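From first to last, the protein sequence lines are chains A and B.
In terms of my numbering, the first sequence opens at residue 1 and continues consecutively.
In terms of my numbering, the second sequence opens at residue 1 and continues consecutively.
Each residue gets a CB set at the ideal place from its N, CA and C atoms; glycine is no exception.
Given the structure is predicted, the values throughout are model-derived calculations rather than measurements.
Scroll down for the structure; my scribbles are underneath it.
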Amino acid sequence: MRPAPFRVAAFCAITAALTTAHGAVRGGDAQRGEALYDSRCTACHSLDHSRIGPAHRGVFGRRAGRVTGFDYSPALRRSHVVWNVKSLDRWLTNPELFIPGQKMGYSVPDAQDRADIVAFLGSPDAR
Amino acid sequence: MIKSSRSVTVSRRDALFAGGVALSGATVALLAGRPALAAQHAASQSAQKDASVINTALALEYEGINAYTLGAQSNLLEKPVLAIAVKFQDDHKVHRDRLLAVLKTLGATPVREKSLAEYAEELEVNKLKTQADVLNFAAGLERGAVNAYLGIIPSFADHALAKLAGQLASDETVHFAILNQALGRPLPEAMSFGV
């Protein structure tokens, strides 16, 4: 198997031109997003284990509030949101404005940072 | 079993959100010409939101306490390092108690502390094989906690709670710096936290 940096770079190149089944990942740098994810998100999240927040692997295309075993807020469970580039961007911009009554008190104010984190979550390394 | 959305009774809140128009309870009260009720409702919602964020902090502290227990039980730490780990764990216990007191004041239910086995699985401590692994693991958690606390500061309606988050971040920064030093790594760059 090729090393992770190669796979992430390949993913960026491919998704610059293609649209995924759940929405386009455009303008996001998955490699930078991985570093941002590591720095900002891993206090509460990991890809494979639900901790303070739910596990993230496979988040693209998943309905909000559906990671088995995680104790979601009622607001998130009944939100009917499906995670894609647009909804993840809105969520990270202001979770409470997007889904009032949810539990996450953290946001990512910078649009490029959000795009990069979302690109990482949509990359093969996080799927 | 997950109920179909069609079978769920439409609540007042859902009704307020229907058609993409979101009206808060405070707005409804204002529209009804009851500003005092609106103010009371808004304050109650702010306190509820603050409690939710404090509960996130409490969950982080529970995880930190248990992580240090797991590190200590690994038998990978030399005595002087173990003493530092115990001191850091004590700090996290102080944080926990402070956060529990805040939640009590706010009338909120504290988040549940998981079992040690649950934390061990979630944190994949079975991968720790050396003292350096444990120090690196702890440094990662502490750095994550610093960034999390800095990140939640703007969420608080109550500035005293924002200050508390700042105090927690300061303690975690001290922990991170000492662990970083023990790992022989260079000092962090200026403004490297919270970004």
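| Item | Value |
| --- | --- |
| Any chain B beta carbon closer than 7 Å to residue 103(A) | yes |
| Backbone CA spacing between residue 186(B) and residue 34(B) [nearest angstrom] | 59 Å |
| is_contact[residue 152(B), chain A] using C-beta, thresh 7 Å | yes |
| Residue 91(A) - containing alpha helix (DSSP H), residue span | 85-93 |
| Given residue 38(A) as reference, the closest of 137(B), 153(B), 156(B) and 155(B) once Cα atoms are compared | 137(B) |
| Within chain A, the residues that residue 53(B) reaches when beta carbons sit closer than 8 Å | 105 |
| Beta carbon proximity, residue 64(B) to chain A, threshold 7 Å | no |
| Cβ-heavy atom distance, residue 48(A) to the ligand NAP, below 6 Å | This structure simply doesn't include the ligand NAP, nor any ligand for that matter. |
| Buried versus exposed call for residue 191(B) [16 or more other C-beta atoms within 10 Å across all chains shown] | exposed |
| Sequence ranges, alpha helix (DSSP H) only - wholly within the stretch 41-115 of chain A, length at least 4 | 74-77, 85-93 and 95-98 |
| Cβ of residue 4(B) within 7 Å of any chain A Cβ | Confidence is the limiting factor: at residue 4(B) the pLDDT is only 39, short of 50, which leaves the residue's position unreliable, though a coordinate-based value still follows. Cβ-Cβ to chain A under 7 Å: no for residue 4(B). |
| Below-7 Å beta-carbon distance, residue 99(A) vs any chain B residue | no |
| Residues in the stretch 88-116 of chain B having any Cβ partner in chain A nearer than 7 Å | none |
| Boundaries of the alpha helix (DSSP H) in which residue 197(B) is found, first to last residue | It is not possible to answer for residue 197(B), since the shown part of chain B is limited to 1 through 195. |
| Interface residues of chain B facing residue 87(A) [CB-CB closer than 7 Å] | Those within 7 Å of residue 87(A) in chain B number zero; the least Cβ separation is about 14 Å. |
| Closest residue to residue 118(B) among 27(A), 49(A) and 29(A) (Cα-Cα distance) | 49(A) |
| Beta carbon of residue 77(B) nearer than 7 Å to that of residue 131(B) | yes |
| Residue 33(A) and residue 99(A) closer than 7 Å at C-beta | no |
| Cut-off 7 Å between Cβ atoms - residues of its own chain near residue 96(A), not counting five sequence neighbours on either side | 102 |
| Under the three-state DSSP convention, the category residue 109(B) falls into | coil |
| Near-chain A residues of the stretch 141-175 of chain B (beta-carbon distance less than 7 Å), N- to C-terminal order | 144, 145, 147, 148, 151, 152 and 155 |
| Residue 43(A) vs residue 148(B) beta-carbon contact at 7 Å | yes |
| Which of helix, strand or coil DSSP assigns to residue 128(A) | Residue 128(A) lies beyond the residue range present for chain A, which begins at 1 and ends at 127; the question has no answer from this structure. |
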